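Numbered continuously in numbering that gives the first Met the number 0, the sequence shown closes out at residue 184. Each residue gets a CB set at the ideal place from its N, CA and C atoms; glycine is no exception. Computed from a predicted model, the values in this text were never measured in an experiment. The structure under discussion appears below in the form of structure tokens.
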Amino acid sequence: MPDVEAAFVSCDTRAAGRLAVSHLASLGHRRIGMLSGPERYLPARGELDGYLEATRTAGLREMVQVAPWFTVEDGQVAAARLMADGATAMVCGSDLMALGAVRAARAEGLSVPGDISIIGFDDSPLMSFTDPPLTTIRQPVAAMSAAAVQMLANVIQGRPMRHRKFTFGPTLVVRGSTGKASSRG
0 MPDVEAAFVS CDTRAAGRLA VSHLASLGHR RIGMLSGPER YLPARGELDG
50 YLEATRTAGL REMVQVAPWF TVEDGQVAAA RLMADGATAM VCGSDLMALG
100 AVRAARAEGL SVPGDISIIG FDDSPLMSFT DPPLTTIRQP VAAMSAAAVQ
150 MLANVIQGRP MRHRKFTFGP TLVVRGSTGK ASSRG
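Shown next as structure tokens:
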């Protein structure tokens, strides 16, 4: 919350949304959907804002489904709606939601990435072992954790904090769930 006087450590989720859309657009996708988590969570809001900014800049239609949670099941339901609306690629608010999107695509007889491309968010440890291996946005968890621990140590030791907000950049990890837009796309 902006009015709370506290330290803040986060991944730049707005940049993550832009990065995902940029990657998909570079592959020729023009109908890129967003599966977002609840907007009450700052990371979800940031990802959505980045997605909206990137789609507007690229002149793409906004296609958004907001799910109640970041689960496989919610991802599957939201992805089915986006596919019915014509999406050929999806940016998901979590890796679990992306796995739900893969499930929804397969239920429709579509291949990932042959017919539809999917990007997750988090780079959970097992995502390189899924079928297909999931393209995702990696948060620099180790660096973020180290910064949070250092800030806490400074507070405990009575040292003043020079900076209260630390934002770390995301990294796109390209694996097998994204590919060139098909004739659908």
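In this structure, how does DSSP classify residue i when only helix, strand and coil are distinguished?
i      : result
THR54  : helix
ILE118 : strand
VAL8   : strand
HIS22  : helix
GLU107 : coil
If the criterion is Cβ atoms closer than 8 Å, does the pair residue i and residue j meet it?
i      : j      : result
GLY175 : PRO112 : yes
PHE120 : ASP94  : yes
GLY36  : THR12  : no
ARG137 : PRO159 : no
ALA78  : GLY108 : no
THR135 : ASP122 : yes
What does DSSP give as the partner residues of residue i in its beta bridges?
i      : result
GLY168 : According to DSSP, which records beta bridges pairwise, GLY168 is partnered with nothing at all.
MET33  : VAL63, VAL90
ARG137 : ASP121, THR170
Below 8 Å CB to CB, which residues in the same chain sit around residue i once its five sequence neighbours on both sides are set aside?
i     : result
LEU23 : ILE31, ALA88, VAL90, SER116, ILE118, THR177
Using C-beta distances below 6 Å, list every residue in its chain close to residue i, excluding the 5 sequence neighbours before and after it, in chain order.
i      : result
ALA86  : ARG30, GLY32, MET62
PHE165 : VAL8, ALA146
ALA57  : ALA24
CYS10  : GLN138, PHE167, PRO169
Identify, in the order they occur along the chain, each residue of the same chain with its Cβ nearer than 7 Å to the Cβ of residue i, setting aside the five sequence neighbours on each side.
i     : result
GLU49 : Checking the displayed sequence, the identity of residue 49 turns out to be Gly instead of Glu. Once the five neighbours on either side are set aside, the close Cβ partners of GLY49 are THR12, ARG13, ALA14, ALA15, GLY16, ARG17.
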